[in-house]
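Each remark here refers to the structure printed beneath this line.
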């Protein structure tokens, strides 16, 4: 069975500093996608960044970047220059590709609650 | 603006009552999904649909039912068989294809009276 593990239930960081959120996953599949979603207090799920498993280059989106280690099945999220608006729950998720290339379902970790302190 | 609309934002259910959560999207997405979120948990898939008049069970479908009569709409009914329905429910949609991100609504909070 595919699983996603986020080992840090809560983290905090000072404004303008850098923080890294950990995520490991378990799958026997070779083709899949990895995601980080953000859920602020408003509860809406917002896509932060995504990574295709076949790409070796780590994805970046402005202040957000990932460290993807396929052999170790690790997918950590680094937030640089943290801002107060980054305070949220962060969920790691992955999706396998079904036979024929159609997308499968998203499997989520339990989340990390990040607090950015002024 | 295109998006996903969930209603109501808050819903209360009496014991033995069925309630229906609405999800409408105007993004022209083929696939729609329902997730349940409990405190300290990630999202768990209840049902999903990739085409009108067809849907599949997710990991926790017991006590829930869905319909997909229109592409834009994917209502979720929480039946009296669902013994622990108090949770936050999120609807999502996506295009079909090799990879397409899921877009989420704002959610419905269901509580038991």
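Chains as they are written, first to last, in my numbering: chain A, 1 to 118; chain B, 119 to 231.
For every residue, glycine included, the Cβ atom is placed at its ideal position computed from N, Cα and C.
Item: Are the C-beta atoms of residue 42(A) and some chain B residue less than 9 Å apart?; Value: yes
Item: Determine, using beta-carbon pairs with one atom in the stretch 178-196 of chain B and one in the stretch 111-118 of chain A, whether at least three such pairs fall under 8 Å.; Value: no
Item: Considering only residues of the same chain and omitting the five flanking positions on each side of residue 218(B), which have a CB-CB separation below 6 Å?; Value: 212
Item: CA-CA distance, residue 48(A) and residue 172(B)?; Value: 30 Å
Item: Thinking just about the alpha-carbon of each residue, which of 22(A), 61(A), 84(A), 57(A) is nearest to the one in residue 16(A)?; Value: 84(A)
Item: Check the DSSP bridge columns for residue 63(A) and list the partner residues they point to.; Value: None; residue 63(A) has no bridge partner.
Item: Say whether chain B places a C-beta atom closer than 9 Å to the C-beta of residue 4(A).; Value: yes
Item: Keeping to the same chain, check which residues put their C-beta closer than 6 Å to that of residue 125(B); ignore five residues upstream and five downstream.; Value: 140
Item: Could you name the residues of the same chain whose beta carbon sits closer than 7 Å to that of residue 208(B), not counting the 5 residues immediately before and after it, in chain order?; Value: 153, 155, 161, 222, 223, 225
Item: Mind checking whether the beta-carbon of residue 177(B) lies closer than 8 Å to any heavy atom of the ligand SAM?; Value: In the structure on display, the ligand SAM does not appear, and there are no ligands present to speak of.
Item: Under 9 Å, do residue 105(A) and residue 151(B) count as touching if we go by C-beta distance?; Value: yes
Item: In three-state DSSP terms, what is residue 85(A)?; Value: helix
Item: Taking Cβ positions only, does residue 315(B) come closer than 9 Å to chain A?; Value: The structure shown does not extend to residue 315(B), since chain B spans only 119 to 231, so no value can be given for it.
Item: So the beta strand (DSSP E) residue 23(A) belongs to, where does it begin and stop?; Value: First-last for residue 23(A): undefined, no H or E at that position.
Item: For residue 198(B) and residue 134(B), what's the separation of their Cα atoms in angstroms?; Value: 5 Å
Item: State the CB to CB distance for the pair residue 18(A) and residue 78(A), rounded to an integer number of angstroms; the pair is presumed to be in contact (CB under 8 Å).; Value: 6 Å
Item: With 9 Å as the threshold, decide whether the Cβ of residue 182(B) is near any Cβ in chain A.; Value: no
Item: Give the range of the beta strand (DSSP E) segment to which residue 35(A) is assigned.; Value: 32-39
Item: Hey, residue 94(A) and residue 64(A): beta-carbon distance below 9 Å or not?; Value: no
Item: Is residue 128(B) close to chain A, meaning its C-beta is less than 9 Å from at least one C-beta of that chain?; Value: no
Item: Return yes when the Cβ of residue 145(B) is within less than 9 Å of the Cβ of residue 228(B), no when it is not.; Value: no
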